[in-house]
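Residue numbers (our numbering): 1 to 682. Heads up, the thing below is written out as structure tokens.
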């Protein structure tokens, strides 16, 4: 308790918690993403010595682990303190163990790399003979074992043992690196004088000196990593030393929290140093980005009228047709068509009907693909027509500067919502799956809805954020890229939209049918409905590619009208049903109500229905502005203000995917308890 805040100090440190929580949340993602890219780049670099590569990979891996484990636990602690809840000893131990394990591994990794560079400069030609790959691997294993030992002292050691171990380790690391870089400086100065004393021609043709200059450059790069380590780690150790000597205070605890965030920041800055100072790593990362960009360009290659040549059609058409008809053949071979004559019954009939739907879907897909190719031949300006329709909602090149602040705001919110929609819905999926109290039919529908919300975070939101970044750079986007955005948006948002509709209808049937609900609404029928929902969304989203230019507006209108009308009618009927049953309950005697399992079951149904009604309300708040804006643009035409409102309304639609799991946790007791159990186990 000398370092972490007490319960009475939580209110005084509220602003500190908020600031550290924001920075820690941001650096969590940067430390993971930047270090993963760096690991891949170092692995692909052949110009770097294997020993140095092994040490840098170990250092980058420990930095990834800091982002994956230590920082989320630290952020969790900050959030708990923000809620004026004190964390228990077990949580504090987990924070200490994860923090010390990976931060110590990162600290010792920098020390090991520094010693390696000293040996390379000091031993020079004997370096490869003495510093072998096997010995480096042994050192790396020893480093991780030492880190595990230091972190385990939190569990089995006394506080004094823990403090002594930490002090010895910190002193050892800083003294070793200080001595190492002092020796490196003296060696470099001596060799520099030797080089200057030699003739220019000898220097130019001396492979030994050229090799030494390369060593010096890599050593200087690692020295920047060491400087960064000093800046990020020293405040933490200084703060702990001051607290041990003079005792704790609110100001020192505030400084301690900031110093912890600074330590975690080191894991995000290390890969920046590699990229900035190490030419081979920088070139490898640039090559990775080039490959990603080239793959991205090839994604739209087939659908661009200006690039697609006539002589390429037969080969591409043949490949596409082979794939489509192969899928058709596989599905047809597994279908028993005898059910058409009434020779089979039961489950096989349902399964074969689903397969027949798939056959029809593939058939119409092949037909639509051929139609699209004919359109490319006959109507060269088809994509321009589509593009004009898209630009009614999205900004033109001349409007980009006027909407700059809108892009920045939406980009920040979408970047945050991408992570929340993925993480919250994955936790919700796991919680719903583990909950046995929810009816299987409702559980299946909720899992499908949560899955579509995860897909929104994985696919739709990153593409939308990519658009915002491109517009921020004043780069115009071609029509084919607009198509990808519209398909991704429509597919998963429509699936989420229809998922809410399906859950609303399910709750209406549960309240309306009551005892007959389990007999009529079976698990298999719900699965068939969900398959139909996803096929419908896929078909409508592909119609944006294959259909005429008026198709997107027509599809949006039909699906929106259908969803809102159905949900409105359903919840009106639920309201009247609930009111009628409420009057019936009041007319019964109190004892009969208390012992009536039927009425108890009905009350449980009402509670789950009310929970889903909140999901519907959030859905209305998030989706209606976008549909209203689209209707206004279609009637009165587009303007900069309407496009600005449309961009905000899209972000609001994406917000719905992050809010749905919050509603489940808030209003559904079983889901809330399951999530709490998951958090306790963590």
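Don't be surprised by glycine CBs; every beta carbon is placed ideally from N, CA and C.
The straight-line gap separating the alpha-carbon atoms of residue 240 and residue 250 is approximately 14 Å. Rounded to whole angstroms, the gap between the alpha carbons of residue 400 and residue 458 is 26 Å.
Beta-carbon to beta-carbon, residue 655 and residue 417 are separated by about 6 Å, close enough to satisfy the 8 Å threshold. The DSSP-derived three-state label of residue 399 is helix.
Segment contact: the segment 417-431 against the segment 442-453, three or more CB-CB distances shorter than 8 Å; contact assigned.
Pairing residue 274 with residue 45 gives a Cβ-Cβ distance that is not under 7 Å. For residue 66 against residue 267, the beta-carbon gap comes to about 4 Å, under 8 Å, which counts as contact. Contact between residue 24 and residue 75 holds, since their C-beta atoms are separated by about 5 Å, short of 8 Å.
Between the alpha carbons of residue 186 and residue 124 lies a gap of roughly 14 Å. Short of 6 Å from the beta carbon of residue 253, and not among the five residues preceding or following it, lie these beta carbons of its own chain, in chain order: 5. Here the C-alpha atom of residue 514 lies approximately 21 Å from the C-alpha atom of residue 527. With fewer than three CB-CB distances shorter than 8 Å, the segment 480-489 does not count as touching the segment 517-534.
Apart from sequence neighbours up to five positions away, the residues of its chain that approach residue 517 with a beta-carbon distance below 8 Å are 509 and 510, ordered along the chain. Using a C-beta cut-off of 8 Å, the segment 465-473 makes no contact with the segment 569-582, since fewer than three inter-stretch Cβ pairs fall below that distance. Taking a 10 Å sphere around the C-beta of residue 676, we find fewer than 16 other C-beta atoms and assign the residue as exposed.
Within the model, the alpha-carbon separation for residue 439 versus residue 113 is close to 57 Å. Per DSSP, the continuous alpha helix (DSSP H) segment holding residue 431 begins and ends at 404-434. Look at residue 393 here: in three-state DSSP terms it is coil, with no helix or strand label. Given a length threshold of 4 residues, each whole run of the alpha helix (DSSP H) inside the segment 120-185 is given here in chain order: 127-130 and 133-156. When the alpha-carbon of residue 8 is set against those of 51, 77 and 85, the nearest one is in 85.
When the five nearest sequence neighbours on each side are left out, the beta carbons in the same chain lying within less than 6 Å of the beta carbon of residue 461 are those of 414, 418 and 654, in order along the chain. When 622, 155 and 107 are compared, the shortest CA-CA separation from residue 93 is found for 155. Take the alpha-carbon of residue 70 and the one of residue 95: they are about 7 Å apart.
Nearest to residue 625 by C-alpha distance, out of 616, 613, 651 and 639, is 651. Close CB contacts of residue 640 within its chain, under the 6 Å cut and outside five residues either way in sequence, are with 399 and 402 (chain order).
The DSSP-derived three-state label of residue 567 is helix. Linking residue 228 to residue 107 through their CA atoms gives a straight-line distance of about 11 Å. In the assembly as shown, residue 226 is a buried residue. Its beta-carbon has 16 or more other beta-carbons within 10 Å. Within the same chain, and ignoring the five residues on either side of residue 573 in sequence, the residues whose Cβ sits closer than 8 Å to its Cβ are 508 and 512. DSSP, read as helix, strand or coil, puts residue 577 in helix.
From the listed residues 497, 26 and 621, the smallest Cα separation to residue 261 is found for 26.
Rounded to whole angstroms, residue 101 and residue 140 show a C-alpha spacing of 14 Å. Under the three-state reduction of DSSP output, residue 476 falls in the coil class, being neither helix nor strand. Within the model, the alpha-carbon separation for residue 422 versus residue 660 is close to 12 Å. The C-alpha of residue 128 lies about 32 Å from the C-alpha of residue 232. By the neighbour-count criterion, in which a residue is buried when 16 or more other Cβ atoms sit within 10 angstroms of its Cβ, residue 506 is buried.
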